[in-house]
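Trainee: Once you've had a glance at the structure underneath, I'll fire off some questions.
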Amino acid sequence: MRLVEDGRVLGGLSSGEEPWLYTVWSGGEMPAEPEVRKGDLFAKTNAKSMAQSGPQKPEGGDDTGPALSEGYGAPLTRAFMEQLFGSLCEDFAMLKRDIAADIKDLKKEMIDLGQRMDSVEQTQDVREEELDCHRRELLTLQDKNQDLQYQLEDLENRSRRSNIRLKGIPAKAVTGSLEDFVVRLFRHVAPSLKEQDIVLDKRTGRAELLALRDRLKTY
1 MRLVEDGRVL
11 GGLSSGEEPW
21 LYTVWSGGEM
31 PAEPEVRKGD
41 LFAKTNAKSM
51 AQSGPQKPEG
61 GDDTGPALSE
71 GYGAPLTRAF
81 MEQLFGSLCE
91 DFAMLKRDIA
101 ADIKDLKKEM
111 IDLGQRMDSV
121 EQTQDVREEE
131 LDCHRRELLT
141 LQDKNQDLQY
151 QLEDLENRSR
161 RSNIRLKGIP
171 AKAVTGSLED
181 FVVRLFRHVA
191 PSLKEQDIVL
201 DKRTGRAELL
211 ALRDRLKTY
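1 is the number of the first residue of the sequence shown in full-length UniProt numbering; add one for each residue after it.
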């Protein structure tokens, strides 16, 4: 190992070692190994090491070795850089796993939401088809109801065609009520006709006077 202080070589360099910079302490107890934390490129030293050490370079003025930051006395070694790089890689891998897990959950939720939307759309289509079917059935029932009303009116009109209309019954000939007079009249004309078969459709009102002669007689 080679030790350098103020540009002077203090020790030899064994085979396989690289010419990194080290600080030689002239007296006192060697400070403890500084704690390495994430994001720190250098470890802080005590005030004595900061006063004694300064910017150092390898022998011959070569800048290929790591430099010392102002206010720090500990050198930037390859082991430290490897440790820092490994820590950053672990953090990046952990962050990548977390992001991948979140994306996977988000994709699953989106797939579930899409399936639910498809189910809602299918149900809505079925409901719309049922509603259209009910509309058609309602229109059909309305047409049938109208047809039945026409048929009923036609049957009523046909039933009136067989009725016998009595006009011009003199008031003096009626003894009692008009219904009793009509029943007696039909029993006299058709003795075999039963009384319950005679249905009266009484319509009140005066007949329209057609001729001027008839209108003059009313005054």
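Glycine included, C-beta positions come from ideal geometry on N, C-alpha and C. What you are looking at is a predicted structure, and each value in this text was computed from that prediction instead of being measured.
Inspect the beta-carbon positions of L193 and R184 and report whether they are closer than 8 Å.
Mentor: Position 193 of the sequence shown, counted from the start, is the residue given in the question as residue 193. Position 184 of the sequence shown, counted from the start, is the residue given in the question as residue 184. No, the Cβ-Cβ distance between L193 and R184 is not below 8 Å.
Trainee: Which full runs of the alpha helix (DSSP H) of 4+ residues lie inside the segment 131 to 211, going along the chain?
Mentor: The segment 131 to 211 contains these whole alpha helix (DSSP H) runs: 178 to 189.
Trainee: Indicate the three-state DSSP secondary structure (helix, strand or coil) for L76 in the structure shown.
Mentor: What you label residue 76 is simply residue 76 of the sequence shown in a count that begins at 1. In this structure, L76 counts as coil in the three-state DSSP scheme.
Trainee: A190 to H134, Cα distance in whole Å?
Mentor: Your numbering for residue 190 matches position 190 in the sequence shown. Your numbering for residue 134 matches position 134 in the sequence shown. Those two C-alpha atoms are separated by around 56 Å.
Trainee: Whose C-alpha, out of L88, F85, V182 and R127, is nearest the C-alpha of R165?
Mentor: Stepping through the sequence shown from its first residue, residue 165 is reached at position 165. Considering only alpha carbons, the answer is V182.
Trainee: Using DSSP with H/G/I as helix, E/B as strand and the rest coil, what is K48?
Mentor: Your numbering for residue 48 matches position 48 in the sequence shown. Low local confidence applies: a pLDDT of 42 at K48 is under 50, so the model's placement there is unreliable, with the coordinate-based value given in what follows. K48: helix per DSSP, three-state reduction.
Trainee: Could you give the distance in angstroms between the alpha-carbon of E90 and the alpha-carbon of A101?
Mentor: As a first step, residue 90 must be located in the sequence shown, where it is residue number 90. As a first step, residue 101 must be located in the sequence shown, where it is residue number 101. One C-alpha to the other measures close to 16 Å.
Trainee: Whole angstroms is fine: what's the gap from I198's alpha carbon to E179's?
Mentor: The sequence position of residue 198 within the sequence shown is 198, counting from 1. The sequence position of residue 179 within the sequence shown is 179, counting from 1. Near 10 Å, if we compare the C-alpha coordinates of E179 and I198.
Trainee: Alpha carbon to alpha carbon, how far is L88 from E82? Give it in angstroms, no decimals.
Mentor: Stepping through the sequence shown from its first residue, residue 82 is reached at position 82. Stepping through the sequence shown from its first residue, residue 88 is reached at position 88. The alpha-carbon atoms of E82 and L88 are separated by roughly 10 Å.
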